[in-house]
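J.: For the sequence shown, position 116 matches number 116 in UniProt numbering, and the numbering has no gaps at all.
Here a beta-carbon is modelled for each residue, glycine too, at the ideal position from N, C-alpha and C.
There's a structure below that I have some questions on.
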Amino acid sequence: MLEISGLSHAYGKHQALADVTLEVAPREIIAILGANGAGKSTLLKAIAGLIRPRAGAVMRFDGSDIAQLLPHQIVERGIALVPEGRGVFGDLTVAENLQLGAYPARARDGEDARLAHVLALFPRLTERMGQAVRTMSGGEQQMVAIGRALMSRPQLLMLDEPSLGLSPLLSREVFRALKTIRGDGVGILMVEQNARASLDIADRVYLIEQGRNAGDGVASEMKSNADIQRAYLGQS
Ligand code: ATP
């Protein structure tokens, strides 16, 4: 579904991404693991069209070239990003944030059904539809952010650190929701500092070190790999 190769990006002299390759198949959950500053957020931003230029990169989604598209055009193709820090509008209500997610033309039909679906996924948002998002807990705001992204009817949902700052209970709720979202036919590409939780739900994993591919594999096999355990799971 998503095919990336030869993706590089520099911030000034700092080479944040160098020749990165990545693939996501339909309905796959992919986790990207790597140390702080490895370039994981930059990778998601580049796919979302927020970082340019991406000269020389091959970026295809559903068979068509997306390398030169603008962010709103990428959303229109069916790729939604839940950014680190969530990017919700704090002064707006839950309902308003969710409505804003439905702005792409691809999302106009069936908006009510999708809203019902989001509320079924995150029932605690139902009684909070009129609440300003800035007054909600971090976990609830993350639910709003994921819900808003789903309102755009994505085929691929990208999430940057979805469990950052969340209690273990709310993290579990968010990871459970991600499994349901995949069950509904949406592919997931996520960057997660909680390596254990992401290995538990991911199908495959990519390791990124200093902006480069440092390995990839099936999540269940990676979990039992001693090097991975040492480097990412804090086991000796
Ligand atoms: P973390 O897990 O800490 O969020 P990351 O793997 O997501 O890290 P990125 O945020 O992609 O890493 O950053 C990769 C490198 O690029 C880092 O060294 C970072 O300092 C640098 N960088 C990121 N954004 C910018 C920017 N706007 N200007 C300059 N350098 C940047």
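What runs of the beta strand (DSSP E), each 3 residues or longer, lie entirely inside the stretch 37 to 83?
T.: Taking only runs of at least 3 residues, the beta strand (DSSP E) segments lying wholly in the stretch 37 to 83 are 58 to 61 and 79 to 82.
J.: Where the beta carbon is closer than 6 Å to any heavy atom of the ligand ATP, which residues qualify, in chain order?
T.: In chain order, the hits are Tyr11, His14, Ala16, Gly34, Asn36, Gly37, Ala38, Gly39, Lys40, Ser41 and Thr42.
J.: Is it buried or exposed for His9, if we count other Cβ within 10 angstroms and need 16 for buried?
T.: The residue is buried, with at least 16 neighbouring Cβ atoms inside 10 Å.
J.: Roughly how many angstroms separate the alpha carbons of Leu164 and Ser171, rounded to a whole number?
T.: Those two C-alpha atoms are separated by around 8 Å.
J.: According to DSSP, is Ser8 part of a helix, a strand, or is it coil?
T.: Reduced to three states, the DSSP call for Ser8 is strand.
J.: Can you tell me the Cα-Cα spacing of Glu96 and Asp227, whole angstroms?
T.: One C-alpha to the other measures close to 46 Å.
J.: Using the Cβ count rule (16 or more neighbours within 10 Å means buried), how would you classify Glu221?
T.: The residue in question, Glu221, is exposed, as its Cβ has fewer than 16 Cβ neighbours within 10 Å.
J.: Would you please state the rounded distance, in angstroms, between the beta carbons of Tyr206 and Ile30? I believe it to be under 8 Å.
T.: The Cβ separation is near 7 Å, so the contact holds.
J.: Given Arg212, which residues of its chain have a CB within under 6 Å of its CB, disregarding the five upstream and five downstream residues?
T.: Answer for Arg212: Ala18, listed in chain order.
J.: Restricting to Cα atoms, I'd like to know which of Val88, Glu3 and Ala57 is closest to Ala145.
T.: Nearest C-alpha to Ala145: Val88.
J.: Please classify Leu169 as buried or exposed, where buried requires at least 16 neighbouring CB atoms within 10 angstroms.
T.: It is exposed - the Cβ of Leu169 has fewer than 16 other Cβ atoms within 10 Å.
J.: If we call anything under 8 Å between Cβ atoms a contact, is Ile201 one with Lys40?
T.: No, these two residues do not count as a Cβ contact at 8 Å.
J.: What is the rounded straight-line gap between the Cα of Ile66 and the Cα of Leu178?
T.: Distance between the alpha carbons of Ile66 and Leu178: 25 Å.
J.: Could you spell out the range, first to last residue, of the beta strand (DSSP E) harbouring residue 238?
T.: An answer regarding residue 238 cannot be provided, because it is not within the stretch 1 to 236 covered by the chain.
J.: Are three or more beta carbon pairs between the stretch 72 to 88 and the stretch 148 to 164 nearer than 8 Å?
T.: Touching, per the Cβ criterion.
J.: Would you report the Cα separation of Ala116 and Gly12, rounded to the nearest angstrom?
T.: About 45 Å.
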